[in-house]
Amino acid sequence: MIDQIQMDMLKAVADLDSLPVGAYNIRANGQSAARNTTANIDIVTKTDKPGIDIIIKPGTKKESVHIPVVLSQSGLKENVYNDFFIGEDCDVVIIAGCGIHNCGAGDSEHDGIHSFFVGKNSKVRYVEKHYGDGDGAGKRLMNPTTVVELAEGAEMQMETTQIGGVDDTLRKTTAKLAEGAKLIIREALLTEGDQHAETDFTVTLDGAGSSADVVSRTVAKGHSTQHYASRVIGNAPCAGHTECDSIIMDDAKVTAVPELTANDLDASLIHEAAIGKIAGEQLIKLMTLGLTEQEAEEQIISGFLR
Amino acid sequence: MLKLEHIGFEVEGNKEILHDINLELNDRFVAITGPNGGGKSTLAKIIAGILCPTEGRIYLDGEDITDLDITQRARRGISYAFQQPVRFKGLRVRDLLGLAAGKTTGVTAACELLSEVGLCARDYVDRELNDSLSGGEMKRIEIAMVLARGTKLSIFDEPEAGIDLWSFQNLIRVFEKMYEQTKGSILIISHQERILNIADKIIMIADGQVSKMGTREEILPELLSSTCKVLTDKME
Numbered sequence: 001m002i003d004q005i006q007m008d009m010l011k012a013v014a015d016l017d018s019l020p021v022g023a024y025n026i027r028a029n030g031q032s033a034a035r036n037t038t039a040n041i042d043i044v045t046k047t048d049k050p051g052i053d054i055i056i057k058p059g060t061k062k063e064s065v066h067i068p069v070v071l072s073q074s075g076l077k078e079n080v081y082n083d084f085f086i087g088e089d090c091d092v093v094i095i096a097g098c099g100i101h102n103c104g105a106g107d108s109e110h111d112g113i114h115s116f117f118v119g120k121n122s123k124v125r126y127v128e129k130h131y132g133d134g135d136g137a138g139k140r141l142m143n144p145t146t147v148v149e150l151a152e153g154a155e156m157q158m159e160t161t162q163i164g165g166v167d168d169t170l171r172k173t174t175a176k177l178a179e180g181a182k183l184i185i186r187e188a189l190l191t192e193g194d195q196h197a198e199t200d201f202t203v204t205l206d207g208a209g210s211s212a213d214v215v216s217r218t219v220a221k222g223h224s225t226q227h228y229a230s231r232v233i234g235n236a237p238c239a240g241h242t243e244c245d246s247i248i249m250d251d252a253k254v255t256a257v258p259e260l261t262a263n264d265l266d267a268s269l270i271h272e273a274a275i276g277k278i279a280g281e282q283l284i285k286l287m288t289l290g291l292t293e294q295e296a297e298e299q300i301i302s303g304f305l306r
Numbered sequence: 307m308l309k310l311e312h313i314g315f316e317v318e319g320n321k322e323i324l325h326d327i328n329l330e331l332n333d334r335f336v337a338i339t340g341p342n343g344g345g346k347s348t349l350a351k352i353i354a355g356i357l358c359p360t361e362g363r364i365y366l367d368g369e370d371i372t373d374l375d376i377t378q379r380a381r382r383g384i385s386y387a388f389q390q391p392v393r394f395k396g397l398r399v400r401d402l403l404g405l406a407a408g409k410t411t412g413v414t415a416a417c418e419l420l421s422e423v424g425l426c427a428r429d430y431v432d433r434e435l436n437d438s439l440s441g442g443e444m445k446r447i448e449i450a451m452v453l454a455r456g457t458k459l460s461i462f463d464e465p466e467a468g469i470d471l472w473s474f475q476n477l478i479r480v481f482e483k484m485y486e487q488t489k490g491s492i493l494i495i496s497h498q499e500r501i502l503n504i505a506d507k508i509i510m511i512a513d514g515q516v517s518k519m520g521t522r523e524e525i526l527p528e529l530l531s532s533t534c535k536v537l538t539d540k541m542e
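Heads up: the sequence lines are chains A and B, in that order.
If you're matching positions, the first sequence starts at 1 in our numbering and goes up one per residue.
If you're matching positions, the second sequence starts at 307 in our numbering and goes up one per residue.
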């Protein structure tokens, strides 16, 4: 059974008001709460460790899989392994997300390890949201790990968002790309209070003609701290671009560590990093439209993290 | 409508940028012109509340607005188009037009505003106001934001700056149309004869002071002949 708090969390992390259409697996407080499979998408509970295998048949197009996780029981800690086996020539959307509602004193923690094995010429859009709320003293902790392997000609677009409520997070993503594969990552991250977030991307471009575009936009408020690391390794004629753009506010601290390695003469790798406060002229412009300074700030941040 | 009394502005080192400016603006279309560095933009920023005058008072429809901040003045009906429009990562053209209009702007309304300033609307509504837009495109969007507000006083700081000649021709039409259609007053800082040519009143500011002021018929011929004289001198 899914209760109201869990429904609210589902709404926050997966835009779900009711059970989704298509394949889904909803995990609530460490248990599978609802599941649906389709003719093309099978979901199987793992027997050796917590988690599921999601198996998508070759040629599956225009289908979606929702696999949200909600935790509302204070003090619960879990490690979950979800493996996606996506056949060749697919075009699918995968929506994950984790919401922690912690009203108690114990720390609640969800560590999700998502592995994607994307078959030749398949296209995957992967959307992931992390969200925490609840007013308990216990912390809300999330450590998402994403492992991506793209076969020849495969494409994946990953949109990952964590806007508030998570006290501590280590977000680790590794990807390996074969010939002609393409990876796009868009990360939006906001920390406030005493929160801490670490993002760590490692993208290895193994195949000729592979490309990666990793863009992270973050806002650090209050006393929060952020550490961003990105590593792009070009082992073939390839194109890699990473960008980390941060707005820093109050007493926050942000570190950006880019690392590019070219092991091939025709690897073209670029990194851009920028950290700075909101430009005064942006605030002034919005104030001349009738917004207060605070409203202007909110608009700038929500646009930046969109 | 707008009255400036003894406006002075000093910056560090006691160098006065504006000195004892007294103006009463009741005309629908007023152009401020004058040499660069003469204090025109400073004056516009003082009216919009972006800079505080070190001396003098500002009145809008009889109300002393000198101590009001930018937001309060904007809400009382002052709009200001920047000379160098500000870029925003993430905010889209329709977001800014919506903020300017004070309500969520639908695609149709946003498109109409963009068409007014000569932009092919559908290509632009969802574009971000980031570095991908050219200077000319940014200028037009900046003007569209002022149109979206439709306030009683619209200030434009050198709308022609950074715009190529072809775009400028179209821009003139925007101001001509605005003059015909708007109910509010327009205060425009410009060096362009074609803009001065549609103004009811022209104010010349040089060395931080009003050096000339009058109707277009009074000021423009004199201004053009002196400009021509400067050019002729240079040629000789």
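For glycine and all other residues, C-beta sits at the position ideal for the given N, C-alpha and C.
Output, in chain order, the set of chain A residues within a Cβ distance shorter than 8 Å of residue i.
i: Thr377 of chain B; result: Met287, Gly290, Leu291, Thr292, Glu293
i: Asp401 of chain B; result: Gln299, Gly303
Using DSSP with H/G/I as helix, E/B as strand and the rest coil, what is residue i?
i: Ala279 of chain A; result: coil
i: Lys285 of chain A; result: helix
i: Asp83 of chain A; result: strand
i: Gly234 of chain A; result: strand
i: Asp135 of chain A; result: coil
i: Asn476 of chain B; result: helix
i: Thr414 of chain B; result: helix
i: Met156 of chain A; result: strand
i: Phe481 of chain B; result: helix
i: Thr377 of chain B; result: helix
i: Thr146 of chain A; result: strand
i: Ala178 of chain A; result: coil
i: Arg306 of chain A; result: coil
i: Ser531 of chain B; result: helix
i: Ala14 of chain A; result: helix
i: Asp8 of chain A; result: helix
i: Thr360 of chain B; result: coil
i: Ser440 of chain B; result: coil
With 8 Å as the threshold, decide whether the Cβ of residue i is near any Cβ in chain B.
i: Leu190 of chain A; result: no
i: Glu281 of chain A; result: yes
i: Gly303 of chain A; result: yes
Measuring alpha carbon to alpha carbon, tell me which residue in the options is nearest residue i.
i: Ile43 of chain A; options: A:Gly30, A:Gly59, A:Asn29, A:His66; result: A:His66
i: Leu453 of chain B; options: B:Phe481, B:Cys426, B:Asp375; result: B:Phe481
i: Cys307 of chain A; options: A:Lys11, A:Met156, A:Ala175, A:Leu286; result: Residue 307 of chain A lies beyond the stretch modelled for chain A, which goes from 1 to 306, so this question has no answer here.
i: Glu297 of chain A; options: B:Leu331, B:Phe394, B:Gly442, B:Gly424; result: B:Phe394
i: Pro306 of chain A; options: A:Gly290, A:Thr225, A:Ala229, A:Val219; result: For clarity, residue 306 of chain A is Arg in the given sequence; the question names Pro instead. If we check each option's Cα against that of Arg306 of chain A, A:Val219 comes out closest.
i: Cys103 of chain A; options: A:Leu76, A:Asp111, A:Glu128, A:Phe85; result: A:Leu76
i: Ile338 of chain B; options: B:Ser532, B:Pro527, B:Asp506, B:Asp367; result: B:Asp506
i: Lys309 of chain B; options: B:Leu435, B:Glu443, B:Gly412, B:Asp333; result: B:Asp333
i: Ile300 of chain A; options: A:Leu289, A:Gly290, A:Ile278; result: A:Ile278
i: Leu10 of chain A; options: A:Ile284, A:Arg35, A:Lys49, A:Pro68; result: A:Pro68
i: Glu434 of chain B; options: B:Gly396, B:Thr410, B:Gly368, B:Lys489; result: B:Gly396
i: Ile100 of chain A; options: A:His114, A:Thr47, A:Ala12; result: A:Ala12
i: Arg500 of chain B; options: B:Leu477, B:Ala512, B:Gln515, B:Gly490; result: B:Leu477
Which residues in chain B have a C-beta closer than 7 Å to the C-beta of residue i? List them in chain order.
i: Arg231 of chain A; result: Under the 7 Å cutoff, chain B gives no residues; its nearest Cβ is about 24 Å from Arg231 of chain A.
i: Arg306 of chain A; result: Gly396
Strictly below 7 Å CB to CB, what residues from chain A border residue i?
i: Leu405 of chain B; result: Leu286, Leu289, Leu291, Gln299
i: Arg381 of chain B; result: Gly290
Distance cutoff 8 Å, beta carbons only. Does residue i sit that close to anything in chain A?
i: Tyr386 of chain B; result: yes
i: Phe394 of chain B; result: yes
i: Ala467 of chain B; result: no
At a CB-CB cut-off below 8 Å, which residues of chain B make contact with residue i?
i: Asp245 of chain A; result: Lys395
What does residue i touch in chain A if you count any residue whose Cβ is under 9 Å from its own?
i: Gly408 of chain B; result: Leu289, Gly290
(message) Under 7 Å, CB to CB, which of the residues in the region 347-366 of chain B have a partner in chain A?
(response) Taking 7 Å as the upper bound on Cβ-Cβ separation, chain A lies near residues Ala354, Ile356 of the region 347-366 of chain B.
(message) For the region 444-459 of chain B, list every residue whose C-beta sits within 8 Å of some C-beta in chain A, in sequence order.
(response) Taking 8 Å as the Cβ-Cβ cut-off against chain A, the residues of the region 444-459 of chain B that qualify are Met451, Arg455.
(message) Tell me which residues of the region 163-188 of chain A have at least one Cβ-Cβ distance to chain B shorter than 7 Å, keeping chain order.
(response) Of all residues in the region 163-188 of chain A, none is placed with a Cβ closer than 7 Å to any Cβ belonging to chain B.
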